[in-house]
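Residue 335 in my numbering sits at position 332 of the sequence shown, and the numbers go up by one each step. For each residue, glycine too, the CB sits at the ideal point set by N, CA and C.
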Amino acid sequence: MSDVVSGAEIDAQPAPKTQPKPHVDADGYAQMYAASVTDPDAFWGEHGQRIDWIKPFTKVKNTSFEPGNIDIRWFEDGTLNAAANCIDRHLATRGDQTAIIWEPDDPNTTESLHITYADLHRSVSKMANVLKGLGVEKGDRVVIYLPMIPEAAYAMLACARIGAIHSIVFAGFSPDALGARINGCDAKLLITADFAPRGGRQTPLKSNADTALAACKDSVQCLVVKRTGGEVTWTDRDHDCNALMEAASDDCPAEEMNAEDPLFILYTSGSTGQPKGVVHTTGGYMVYASMTHQYTFDYHEGDVFWCTADVGWVTGHSYIVYGPLANGATTIMFEGVPTYPDAGRFWEVCAKHKVNQFYTAPTAIRALMGAGNEWVEKHDLSDLRVLGSVGEPINPEAWNWYNEVVGKGNCPIVDTFWQTETGGHMLTPLPGATDLKPGAAQQPFFGVQPVVLEPTSGEIIDGNGVEGVLCMKDSWPGQMRTVWGDHERFEKTYFSDYKGYYFSGDGCRRDEDGDYWITGRVDDVINVSGHRMGTAEVESALVAHAKVAESAVVGYPHDVKGQGIYAYVTLMNGEEPSDALRKELETWVRSEIGPIAKPDLIQWAPGLPKTRSGKIMRRILRKIAEDDFGALGDTSTLADPSVVDDLIANRMNRA
Ligand code: WT7
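The following block contains the structure:
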């Protein structure tokens, strides 16, 4: 009898998968970490060898966080090419291996594509020759505004191949935002597509690009990729990417770049004014992106890696393109959204391509958790080994669901804390080395030296069981080098509140075991669905509307998005609040910045709470938006306390 039962069981059980031994265990992590901070030159001198150098570096670290002299250089006398590291060096050993699996928005109408390293080499070389043909030279800026299609990766790598600096603008951004970024870095060329399919809908990228380019110099060229074949208008500055690539040679030597030559610019929101152009350079970034990709995800040869981000964000730069490809991985590029055609899409793709490491954002996890377990259970997820989370703190409920329902309790979750500015992971558990705690980013990656500072005095708080602002004591190779065109702003934003340290903008707690927990931004930056948004940007979009006199924007807790956007709006004299006007303002902000900036709640405010010197008291506005007005704190400095009573009475977010 027992034979029969065990026979049936053997049939029902999938064959046990062999699990590779993790790269490090707890002791290994401790030893490597200690080495990385006691002798960074030796540590990074050794790990810098993971990248192929044309001329080897002889200097490793040369960095200063000293006020007035913020200067960050790594491997400064080495030369290399990032694209050659992602492609050429793999050709001899894995030319026929899939480099990129492209998964389309609609699996029912479009096939996925498997692009080998040899294919990638051909397409990138062709695109690089197209760029050269359009006059793009080493050091020139190229803005990329594309859907998640292979051409987006080709464009990035083609720029890297010829030494041009790419700046990707997320395809969800508006024409205004795109135009500002093209002008901000004085780009020579824009690469776009006809349309961007996403979640069954289409964004008219080319038409957005035309609107954006109307505000740019006539000399800016536009290279247009065909994605849907939908109809677009054609202007004098446009070039047909598909036709030019077909005609182009597939031989394009990789330019020899200095380690500190810029690889890309990526605009990101801050607490004040216009988005900043974060500059990453070539050598340190490549070493750091590839090393974090290997260790954080415990990546092993042959694994299929899927990061669900868009290349419009830094996550896509480091963990769809540069990190995985530098490591010779198979990386998935996904055009769609988690819920299209249905809420099982992520899991269907994981099963279809036998994904080993899956990396997504808490907002997606929460949305899919809400859709029900049956969507997950329908699919075979037995190849999953490591799960990742990024972009915002993950609440324990979502963590547990991710762990139990998706990971079946077998896949370590790496909750990776980092930023556009940091190039790669800063705090994260490592699979096999860290005892996991739901909701904690836990431990510094190699070379990262976090400190907790007392927010007002800026004094270091030693010991465990403490809370304060999160800073970094010293540089790491993936650190941003400057703000494009404004080194002063770089120093002012990151090195002036706490002299001698890099200030993350986040608060954190170091618990009794020395594990780090991110408690959220301490500046006027909010985090909406893992996307960073400056409240000042939304405010300036709102006041640009003719009927708006004044506005103040704050974040409030949102079940799925993490934070929602709450806007207090004071109308011009004579304008009447109405639902129609509310819609009008929502549409306005969408068109000024993009759909991700649309306010979730708009409250009509006859006045805003201000101090006698005219400063808006945001602390109070945050409390009211959180529906926590019992704890407004000190209101004695208000110029007109009655304003607050009105705001409380008409608050929009009620439990
Ligand atoms: C901000 C950076 C590069 C990652 C994508 C977002 C928040 C990011 C976590 C995490 C808690 C996180 C921080 C940070 N953040 N990851 N694992 N736990 N908070 O990059 O747009 O530059 O935003 O995202 O507040 O400062 P970003």
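query: In whole angstroms, what is the alpha-carbon distance linking residue 144 and residue 293?; result: 24 Å
query: Is residue 140 helix, strand or coil when you go by DSSP?; result: coil
query: Give the range of the alpha helix (DSSP H) segment to which residue 505 is assigned.; result: Note, residue 505: premise wrong, no alpha helix (DSSP H); beta strand (DSSP E) at 505 to 513.
query: Report yes if the C-beta distance between residue 118 and residue 105 is below 8 Å; otherwise report no.; result: yes
query: Pull up the CB-CB distance for residue 333 and residue 314, whole angstroms please, since I reckon it's below 8 Å.; result: Not quite, the Cβ-Cβ distance comes to about 17 Å (not below 8 Å), so this is no contact.
query: Rounded to whole angstroms, what's the CA-CA distance from residue 585 to residue 34? Just pull it up for me.; result: 57 Å
query: Return yes when the Cβ of residue 387 is within less than 8 Å of the Cβ of residue 349, no when it is not.; result: no
query: Do residue 202 and residue 339 come within 8 Å of each other at the CB atom, strictly closer than that value?; result: yes
query: Helix, strand or coil for residue 380 per DSSP?; result: helix
query: Which of helix, strand or coil does DSSP assign to residue 591?; result: helix
query: Does the distance from the CB of residue 153 to the CB of residue 336 come in under 8 Å?; result: yes
query: What residues are listed by DSSP as bridge partners for residue 69?; result: 72
query: Could you tell me whether the Cβ atoms of residue 628 and residue 559 are closer together than 8 Å?; result: yes
query: Please classify residue 44 as buried or exposed, where buried requires at least 16 neighbouring CB atoms within 10 angstroms.; result: exposed
query: Near residue 281, which residues of its chain fall below 6 Å by C-beta distance, leaving aside the five closest residues on each side in sequence?; result: 269, 271, 423, 424, 483
query: Alpha carbon to alpha carbon, what distance is there between residue 597 and residue 36?; result: 41 Å
query: So, helix, strand or coil for residue 560, using DSSP?; result: strand
query: Compare the C-alpha of residue 609 against each of 647, 599, 631, 621 and name the closest.; result: 647
query: Considering only C-alpha positions, which residue in the set 86, 64, 137 is nearest to residue 120?; result: 86
query: Put residue 300 into one of helix, strand or coil per three-state DSSP.; result: coil
query: For the beta strand (DSSP E) holding residue 310, just list the boundary residues, first then last.; result: 307 to 310
query: To the nearest angstrom, how far is the alpha carbon of residue 456 from that of residue 504?; result: 10 Å
query: May I ask you to report which of helix, strand or coil DSSP gives residue 105?; result: strand
query: Residue 567: which of 491, 356, 603 sits nearest, CA to CA?; result: 603
query: Taking three-plus beta-carbon pairs below 8 Å as touching, is the region 55 to 73 in contact with the region 130 to 145?; result: no
query: Taking the continuous beta strand (DSSP E) assigned at residue 279, which residues delimit it?; result: 279 to 284
query: Can you tell me whether residue 638 is buried or exposed? The criterion is at least 16 other CB atoms within 10 Å of its CB, across all chains shown.; result: exposed
query: Run the proximity test for residue 538: is its beta-carbon closer than 7 Å to any non-hydrogen atom belonging to ligand 1?; result: no
query: Start and end of the alpha helix (DSSP H) containing residue 337?; result: Run containing residue 337: none in the alpha helix (DSSP H); it sits in the beta strand (DSSP E), 333 to 337.
query: Going by DSSP, what residues sit across from residue 117 in a beta bridge?; result: 104
query: Give every residue of the same chain whose Cβ lies closer than 6 Å to the Cβ of residue 205, excluding the five residues on either side of it in the sequence, and list them in chain order.; result: 198
query: Can you tell me which of the three DSSP states residue 586 falls into?; result: helix
query: Compare the beta carbon distance of residue 481 and residue 426 with 8 Å and say whether it is the shorter of the two.; result: yes
query: Would you kindly work out how many angstroms separate the C-alpha atoms of residue 327 and residue 311, rounded to a whole number?; result: 13 Å
query: Does the region 490 to 505 touch the region 431 to 438, meaning 3 or more C-beta pairs lie closer than 8 Å?; result: no
query: Rounding to the nearest angstrom, what Cα-Cα distance links residue 182 and residue 237 in this structure?; result: 18 Å
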